[in-house]
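Trainee:
2 protein chains.
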Amino acid sequence: MGEVKLSASNLKEPWRAYMRRKGLKTTQQREAIVDAFLRTTGHVGLEALLSSARKANPGVGLATVYRTVKLLEEAGLAASRQFGSGQTLYEVSGQRAHHDHIICQQCQFIVEFESDEVEQLQSRVAHRLGFNILQHRHELFGLCEKAQGIPGGHCPSEKARKK
Amino acid sequence: MGEVKLSASNLKEPWRAYMRRKGLKTTQQREAIVDAFLRTTGHVGLEALLSSARKANPGVGLATVYRTVKLLEEAGLAASRQFGSGQTLYEVSGQRAHHDHIICQQCQFIVEFESDEVEQLQSRVAHRLGFNILQHRHELFGLCEKAQGIPGGHCPSEKARKK
DNA sequence: GTCCCTGCAAACTATTTGCACCGGG
DNA sequence: CCCGGTGCAAATAGTTTGCAGGGAC
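Protein chains in written order, with my numbering: chain H, 464 to 626; chain U, 464 to 626.
(1) Less than 8 angstroms between CB atoms is the rule here; does I596(H) satisfy it with respect to chain U?
(2) Once the 5 residues before and after A610(U) are set aside, which same chain residues still bring their CB inside 7 angstroms of it?
(3) Answer with buried or exposed for S515(U), where buried requires no fewer than 16 other C-beta atoms within 10 angstroms of its C-beta.
(4) For a test of the three-state rule: what should DSSP assign to A589(U), helix, strand or coil?
(5) Along the chain, which unbroken stretches of the beta strand (DSSP E) at least 3 residues long are found entirely within the stretch 493-552 of chain U?
(6) If you measure from the beta carbon of I565(U) to each beta carbon in chain H, is any gap under 8 angstroms?
(7) Can you check whether the C-beta of R624(U) is within less than 8 angstroms of a C-beta belonging to chain H?
(8) Determine the chain U residues that contact G539(H) at a beta-carbon separation under 7 angstroms, and present them in chain order.
(9) Distance, Cα to Cα, E582(U) vs E575(U)?
(10) Pull out every residue of the stretch 601-613 of chain U whose Cβ sits closer than 7 angstroms to any Cβ of chain H, in chain order.
(11) Output, in sequence order along the chain, the residues in the stretch 572-591 of chain H whose CB is closer than 7 angstroms to any CB in chain U.
(12) Would you please state the rounded distance, in angstroms, between the beta carbons of V555(U) and A541(U)? I believe it to be under 8 angstroms.
(13) Do you know how far the Cα of C607(H) is from the Cα of V528(U)?
(14) Comparing C-alpha positions only, which one of L474(H), A589(H), A495(H) sits nearest to G605(U)?
(15) Quick one: give me the first and last residue of the alpha helix (DSSP H) that E476(H) is part of.
(16) When you compare only the Cα positions, how much space is there between Y481(U) and Y553(H)?
(17) Show which residues of chain U have a CB atom less than 8 angstroms away from the CB atom of Q545(H).
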């Protein structure tokens, strides 16, 4: 089993390829935003991405972040997620295996999981319906052990309180 | 296999129970909105729900629709979906078996599917992580036959153009 | 009667867009 | 040079909220 570990920096090339293919320009701002984004690990909001990008280029504006992330999405390098927060969060895609999310409705904490079986099943189902799947979003909402009141149960959010 | 076909009207009782349990009042507006919602089949936007509810009670306001749908969600009778449209859509839950969605990114058309296997798998995975799942959201984004350029392929949206 | 509920309009939040200027190719 | 890209601010879109008056219990 040849193990291929994709690191974020490897994704810079697909990005360049995409830009070239579309005839888009490489600007300082885009570079700053894309670099900041690819350095990202969990789920980023665009405000957070903005301040991260500003470390490399203080002049970057929020609108450009929105515009650039849209490009990243089209290039297949970013995936958007809408949890219940109202804000759209993004994560680098193609980096790890597809993974999905379980959100505790009490703690608001997000756990990631992956299941090849689910992946396979869903693509089989989709194929049967004539679809070619490009992206997917799979979110389970429920209660973690602690929220269920299980004695000794704990919540992954124990020290990652929201707000 | 005893087949239990839940019709929307059956859901009126759980709703009443919820209202009683929470000590909430039954008002004309709430009745109009809930009735309109339970009559619903696909995915409704709240503007649409508003005008539907206004047929029974012209005075209903949009804010009350938002407030009431939030109650329906808490009661477990409504499930929210965010497809790419920006607007949150709702559907009656508990009516049919859990079902998930495939969205064609070109036509914007939504196909529903259900897979017991996927359901089972996902709850097993969640359980392993200590979670008790209450709701879930499973959306596949891709291209329908036509959008893929398959000769003779057709798109379910053929006559259900968006907008 | 007592509060909960409601409609309206204003407030908010996230995202998009118009426009004059800037800079990459 | 040309035209796409950018920042800013204003414009949108969806959703929430404050408040005075009304209705359910």
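We put the CB at the ideal spot given by N, CA and C, even for glycine.
Mentor: Taking the geometry as given:
(1) Taking 8 angstroms as the threshold, the shortest C-beta distance from I596(H) to chain U falls below it.
(2) The residues C567, Q569, C570, C618, in chain order, have a CB closer than 7 angstroms to that of A610(U) in the same chain once the five nearest residues on each side in sequence are set aside.
(3) For S515(U), the number of other beta carbons within 10 angstroms of its own is at least 16, and it is reported as buried.
(4) It is helical.
(5) Unbroken beta strand (DSSP E) runs of no fewer than 3 residues, entirely contained in the stretch 493-552 of chain U, are found at 541-544, following chain order.
(6) Chain H contact via Cβ: present.
(7) Any reading at R624(U) is ruled out, since the residue's pLDDT is 35, under 50, leaving its predicted position unreliable.
(8) In chain U, no part has a C-beta under 7 angstroms from the C-beta of G539(H); the shortest such distance is about 11 angstroms.
(9) C-alpha of E582(U) to C-alpha of E575(U): approximately 14 angstroms in a straight line.
(10) Within the stretch 601-613 of chain U, the qualifying residues are H601, E602, L603, F604, G605, L606, C607, E608, Q611.
(11) Of all residues in the stretch 572-591 of chain H, V574, F576, S578, E580, V581, L584, Q585, V588, A589 have a Cβ within less than 7 angstroms of some Cβ in chain U.
(12) About 7 angstroms separates the beta carbon of V555(U) from that of A541(U), a gap short enough to meet the 8 angstroms contact definition.
(13) Rounded to the nearest whole angstrom, the CA to CA distance from V528(U) to C607(H) is 31 angstroms.
(14) The shortest C-alpha separation from G605(U) is found at A589(H).
(15) 475-485 is the extent of the alpha helix (DSSP H) around E476(H).
(16) So the two alpha carbons sit approximately 36 angstroms from each other.
(17) Those are Q545, listed as they occur along chain U.
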